[in-house]
Amino acid sequence: MATKLTELTPLQLKGSADKPSLIAAKPVITVREALKDMAKHNITSLPIYSHDSDNIVNIVNLIDVLNYIIKEAVADEKLPNTLDSEKSHNLGNPIEVVMTLDSEKESYRMFTTDANEPILTTLEAFSKSVHRSLVIDYTNKVPQYILTQTDIIRYVYAHPESLPGIDFNASLESFGLSGRDREIVIGRDNETALNVYRRMAERNLMGIPIINHTTNQLVGNLSVSDLRGLDYKSINHLVLPVLDFLATLPNADAILNPLTVKKDSTLREALKLISESHLHRLWIVNDEKKVIDVLTLSDLIGVFSKV
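Remember, the working numbering sits 76 above the position in the sequence shown when you count from 1.
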């Protein structure tokens with residue numbers, strides 16, 4: 077009999093040998109160096125060591141770094157026509173300046189998981205918008221690694237038998253994953269990317285749909301995961317109209333033609349799209365291609381953790 081998802085340990089789910097080496101930084105690294113390291117390794121989060129040990133105590137998200145750089149570049153000008161982010165003041169400050177003291181944000185602290193204990197507690201955290209956890213093997217002392225929401229989703233997609241109580245052919249709506257009273261924060265195609273990005277950051281979101289300002293139809297997607305590898309030149313493009321900015325990104329075709337689901341799409345269909353296309357959310361649209369809801373990895377894991 078297959079082991080239920082909630083009873084799996086991280087080692088059973090995803091052994092450290094299958095994960096890339098942990099990339100982390102000392103707290104004295106500068107903001108400039110942090111952005112360079114994140115671009116070099118194509119990552120969207122950077123764990124930060126303690127000042128006095130090799131313990132990971134925080135994690136800095138790409139959005140935290142970009143917020144700081146953009147704030148410094150824009151200064152008091154609310155709607156700049158140009159950006160020269162690389163010459164921004166204070167990029168030589170230690171990375172700690174971008175760390176938030178907001179306990180609602182992930183960079184406030186690092187969630188940890190015991191490699192040899194069932195992941196139920198981690199699943200519950202992931203269902204509440206914790207996106208990643210530092211896995212520590214206190215028994216075998218193997219290298220630490222990061223377990224992500226995506227790891228959970230891909231495991232379930234590959235091993236549906238780990239959730240025997242789930243009908244994967246049932247609709248998203250039947251799981252309560254569509255039709256919720258949830259505000260969808262949007263960006264419009266007649267706005268600058270900077271305006272849309274600021275809205276996303278202010279609302280502590282990891283992604284935002286871009287809609288046509290006339291038809292209200294979905295025409296694009298701005299997300300933190302699509303900003304990985306961003307350099308100063310790319311940051312400066314934020315002053316462009318949002319669709320023009322998205323067209324400068326490496327994965328522009330997919331970003332400007334986002335995959336979607338409908339409320340009657342099956343759970344299996346959604347998992348397939350997310351797993352095979354490396355997505356972190358799916359916009360739920362109606363027959364007119366208007367966004368009516370969003371399906372996040374947290375939503376899915378919330379369903380899985382209750383089985």
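Using N, Cα and C, we set each Cβ at its ideal position, and we do this for glycine too.
Residue i in three-state terms, based on DSSP
i      : result
Arg357 : strand
Arg258 : coil
Ile350 : helix
Asn297 : strand
Asn137 : strand
Tyr233 : helix
Tyr214 : coil
Ser250 : helix
Asp329 : helix
Arg279 : coil
Ala78  : coil
Ala101 : strand
Asp369 : strand
CA-to-CA distance, residue j to residue i, given in whole angstroms
i      : j      : result
Gly168 : Ala100 : 18 Å
Thr189 : Asp160 : 41 Å
Leu98  : Ala110 : 15 Å
Pro123 : Val136 : 6 Å
Pro194 : Leu319 : 44 Å
Arg264 : Leu373 : 24 Å
Ser43  : Lys102 : Since the displayed the chain opens at 77 and closes at 383, residue 43 lies outside it and no answer follows.
Val315 : Asn333 : 22 Å
Lys80  : Val107 : 42 Å
Phe244 : Tyr231 : 14 Å
Leu239 : Ile105 : 43 Å
Ser179 : Met186 : Since pLDDT at Ser179 reaches only 47, below the 50 mark, its modelled position is unreliable, and the value read off the structure follows with that caveat. Cα-Cα distance, rounded: 11 Å.
Arg418 : Thr291 : The first residue shown for the chain is 77 and the last is 383, placing residue 418 beyond what the model contains.
Beta-carbon gap between residue i and residue j smaller than 8 Å
i      : j      : result
Leu322 : Ala191 : no
Asp307 : Ile331 : no
Ile357 : Leu371 : Reading the sequence as shown, one finds Arg at residue 357 and not Ile. Cβ distance < 8 Å, so Arg357 and Leu371 count as in contact.
Thr336 : Val361 : yes
Ile377 : Ser203 : yes
Gln225 : His207 : yes
Rounded distance between the beta-carbons of residue j and residue i, thought under 8 Å
i      : j      : result
Leu294 : Ile287 : 6 Å
Glu200 : Ser381 : 6 Å
Ser58  : Asp340 : The structure shown does not extend to residue 58, since the chain is modelled only from 77 through 383, so no value can be given for it.
Where the alpha helix (DSSP H) through residue i begins and ends
i      : result
Asp375 : Leu373 to Ser381
Leu319 : Val318 to Ala323
Ile311 : Tyr308 to Asn312
Limits of the beta strand (DSSP E) - the one that residue i falls within
i      : result
Thr189 : Thr188 to Asp190
Cβ of residue i within 8 Å of any chain C Cβ
i      : result
Ser238 : No chain C is present in this structure, which holds just one protein chain.
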